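Here the structure is laid out as structure tokens; the discussion comes afterwards.
Residue numbers (the working numbering), protein chains in the order written: chain A, 1 to 486; chain B, 1001 to 1479.
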């Protein structure tokens, strides 16, 4: 079974080697045959999608297609999609059908792309293993006993397993990059404010950012051109031009300076993983990149900082799920308090409740200064660390994760160990910086990811570096073994 | 012990914006339930607030009008609590850094002195929806038309020391927001409402006593009565040596008393924190100056101008300028009729206000345009009708919605100023009452009024009084 890149599909459509309708049928066929092993989709929108593919084919026929006309994609089930169920991986929204499209969904639709289905995810994006989903865990195509990471695990697996050419995810603390690393694909978290958050079910508003899971940097660049941009409906989106990312991929990176923070190489990173990363660095060196050891002194505080800020925001963001206007509503209740308690007790899973309680605690009178305020101060310090570092370097590199994909069930009962999973990725969210993870080798026959973090709005830099790396290596082309036989 | 009363007010003024503070929904009042609630007002998953700049401009106008500081950077915060008519589970408000702070205004105290009352802050926030408990049996209905309506919460310093001062302050704020056109001031519809904080302390001490907060007072009368009741209640407790419980109380206008709503222990921990969906609100100096240059003329300036340019008494100017509606009416009348400003002022303050009070009308409901009113006064000064007849004509204008000249003509109310006509009537009167004439000639000059009255009676009051007086004196002199 062959995985098609977005770029390939566009070329095939333009040369009429295949129709959009045929592409859609192919993916729907693949999903129905294989997704039972992965559980990467929650909802398929096949009828609407097939309908749209027929219109797309007419548009291609007419010779005036849009950049993404006829291209299918998968969307994480956190993006509101008009008329299509949006569960956010939760029982709370099990039957929620939004009356509107998220801006990023509209952006892709407006360029001709076709939403094929909604992918599985950790409940309300809270999790790093996809095990907190109400709809069951997602299985890693490299080893079905393993987690694909999370929270955008469904999107990552759909792309890695050839069940979608490209997918949208969201990244609050590493939710695109870690699953991308665990499944051997490329995952980009753009700068905070680069893509609209309107219509994206909020987890932690100051950290959430929509992004892309793809097979290559090139595909990522093509999609980002349509995805990104200012949205008057999102006050935190930034009014700045969207570059033609796909035309800036081959710029020479000779003479670029990249910093490697010593804080990334602590006891959590095993020797084999470190070696894979160091080998990848050599590829960059061969392309003329210069490396420099740097220090980001407050990096070690990013996990505890994150686990104050994110739950605080989530405790407030999730207050709207009370069962009054939408969402899970229990029939037999005694009074108003009982109504709230029962709806939320049954509607939310354990991890979501844990974070709501943590967040409520850190915002409470008497604890606010010690937790929330202090975390905000540390967040500032982390931002400043990067700001200072970027005076001398163009980007920061390190491993995306400490280990490759872990086994399902291995960490779910130990939240703190689970939280440590995002130790390398969280800082970029706290500082609002763009970051990418791309495949850079294998550890114990499992894909391993390399992360690059760049200054605000320097997505071009990330895509340029990754693309040239992918021209030199074929890690990103490695398919999960079963796929080759399927 | 003698107690000193300390009162502070929190006034909620609904800003007269066309759309809600964080969504594009309309703000019309009295529309069918839940028809002015967008997905944003409903707090749907994924929606985000976008600040209405009109509300910001209005808040700045208020700040400038009370000589306050305008924050170059203010922050929107979330006030978290669960309630069915609060769709998001939090209210977007301003907490630590409000848009307006450190202002003040002057009120007049009972003994006629000016007193400065500090305005701690004024901040922007959204209103919640409305819970309707009496429409469905055993069920509560929610109307979210009001959710997201822009409010300006104006917080005073605890510097008022009597119910009268509190209402004077509230009146002043009401006057300012209406002058600025940022609030319609309609208290029945809840556009202007107030919470009062009341505490007592031993006279001549400085430490504040334990306060209670009386919620949601929606008329000047209720503010005065609720505070009066609360002072008496607290005084009684303190005199008995008991302690005041810090709590929120409700005023029941039917029984004219306040009662406990919730105590401090039952208060929510609102878990305020900066709303990550909204950037800090930054206002530069040039914006403030631009808004300042567009501020309308306010009360004090109007009074001065009326005295200076219109030549009316300060007392009258104060009364006319008391409400912007009356002031506008006055200015429109004098724009058309400028030969006697004092007459205009008198007529507005007596006849016009009398009719408004009697019929319970607002000036917009009166149905007599300033232009029509000006023509009425014109007819007095040009001698067509007397002032007395004019009062009846005005009444007819209000009730029959007819123009002054139409009424005068159709009823033949035109004043008789024709000398020969009046002369013949006077001759008749003098002949009818020879005894009275003799009394007058004997020096009882007061009796002149009797003859005037007789003439008026015979002309149904239409004779021009000054002409009557003049001719009467001539005729008697010739006797």
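For glycine and all other residues, C-beta sits at the position ideal for the given N, C-alpha and C.
Everything numeric in this text was worked out from a predicted model, so none of it was measured.
By Cβ distance below 6 Å, which residues in the same chain neighbour residue i in space, the five residues on each side in sequence not counted?
i: residue 136/A; result: 39
i: residue 401/A; result: 178 and 181
i: residue 1224/B; result: 1163 and 1167
i: residue 230/A; result: 237 and 239
i: residue 362/A; result: 308, 312, 371 and 372
i: residue 351/A; result: 126, 127 and 132
i: residue 360/A; result: 315
Which residues in the same chain have their Cβ closer than 8 Å to the Cβ of residue i, if we skip the five residues on either side of it in sequence?
i: residue 41/A; result: 31, 35, 74, 117, 118, 119, 120, 154, 158 and 163
i: residue 146/A; result: 139, 140, 182, 405, 406, 407, 408 and 446
i: residue 130/A; result: 120, 121, 122, 137, 138, 147, 148, 149, 150, 151, 153, 154 and 179
i: residue 1202/B; result: 1001, 1002, 1003 and 1004
Is any beta-carbon of chain B found at less than 8 Å from that of residue i?
i: residue 379/A; result: no
i: residue 289/A; result: no
i: residue 80/A; result: yes
i: residue 102/A; result: yes
i: residue 340/A; result: yes
Exposed or buried, what is residue i when buried is set at 16 or more other beta-carbons lying within 10 Å of its beta-carbon?
i: residue 430/A; result: buried
i: residue 86/A; result: buried
i: residue 1308/B; result: exposed
i: residue 1001/B; result: exposed
i: residue 1354/B; result: exposed
i: residue 194/A; result: buried
i: residue 416/A; result: exposed
i: residue 448/A; result: buried
i: residue 1173/B; result: buried
i: residue 277/A; result: buried
Please work out which residues of its chain come closer than 7 Å, Cβ to Cβ, to residue i, disregarding the five sequence neighbours upstream and downstream, and give them in chain order.
i: residue 160/A; result: 141, 183, 184, 185 and 480
i: residue 1218/B; result: 1187, 1190 and 1193
i: residue 1273/B; result: 1077 and 1078
i: residue 78/A; result: 88, 121, 125, 170, 200 and 201
i: residue 1028/B; result: 1036
Taking CB distances under 8 Å as the criterion, tell me whether residue i reaches chain A.
i: residue 1073/B; result: no
i: residue 979/B; result: The question about residue 979/B has no answer, for chain B in this structure spans 1001 to 1479.
i: residue 1278/B; result: yes
i: residue 1150/B; result: no
i: residue 1089/B; result: yes
i: residue 1146/B; result: no
i: residue 1395/B; result: no
i: residue 1030/B; result: no
i: residue 1271/B; result: yes
i: residue 1358/B; result: no
i: residue 1129/B; result: no
Anyone know if the C-beta pair for residue i and residue j falls short of 8 Å?
i: residue 1363/B; j: residue 1385/B; result: no
i: residue 496/A; j: residue 386/A; result: Lying before the first or after the last residue shown, residue 496/A is absent from chain A, which here runs from 1 to 486.
i: residue 459/A; j: residue 224/A; result: yes
i: residue 151/A; j: residue 125/A; result: yes
i: residue 1426/B; j: residue 1436/B; result: no
i: residue 1090/B; j: residue 1080/B; result: yes
i: residue 1429/B; j: residue 1455/B; result: yes
i: residue 1057/B; j: residue 1324/B; result: no
i: residue 1059/B; j: residue 1100/B; result: yes
i: residue 1009/B; j: residue 1169/B; result: yes
i: residue 1227/B; j: residue 1062/B; result: no
i: residue 319/A; j: residue 172/A; result: no
i: residue 1345/B; j: residue 1380/B; result: no
i: residue 1260/B; j: residue 1229/B; result: no
ask   = Is there contact here, the stretch 1006-1016 of chain B with the stretch 462-476 of chain A, by at least three beta-carbon pairs under 8 Å?
value = In short, these stretches do not touch, since the Cβ pair count stays below three.
request  = Say whether the stretch 1145-1157 of chain B touches the stretch 1115-1132 of chain B, bearing in mind that this needs 3 or more beta-carbon pairs closer than 8 Å, one atom from each stretch.
outcome  = yes
inquiry  = When you compare the stretch 386-398 of chain A with the stretch 450-467 of chain A, are there three or more beta-carbon pairs, one atom per stretch, that lie closer than 8 Å?
reply    = yes
request  = Determine, using beta-carbon pairs with one atom in the stretch 1234-1248 of chain B and one in the stretch 1209-1217 of chain B, whether at least three such pairs fall under 8 Å.
outcome  = yes
request  = Check whether the stretch 1107-1115 of chain B touches the stretch 1135-1146 of chain B, counting contact only when three or more Cβ pairs, one atom from each stretch, lie closer than 8 Å.
outcome  = Judged by pairs of C-beta atoms under 8 Å, the stretch 1107-1115 of chain B does not touch the stretch 1135-1146 of chain B, as fewer than three such pairs exist.
request  = Indicate whether the contact test is met: 3 or more Cβ pairs, each with one atom in the stretch 370-386 of chain A and one in the stretch 296-316 of chain A, closer than 8 Å.
outcome  = A contact between stretches requires three or more CB pairs, one per stretch, nearer than 8 Å, and the stretch 370-386 of chain A meets this requirement with the stretch 296-316 of chain A.
ask   = Are there three or more Cβ pairs, one per stretch, closer than 8 Å when the stretch 312-327 of chain A is compared with the stretch 434-444 of chain A?
value = no
The stretch 5-20 of chain A contacting the stretch 62-73 of chain A, beta-carbon criterion three pairs below 8 Å = Segment contact: the stretch 5-20 of chain A against the stretch 62-73 of chain A, three or more CB-CB distances shorter than 8 Å; contact assigned.
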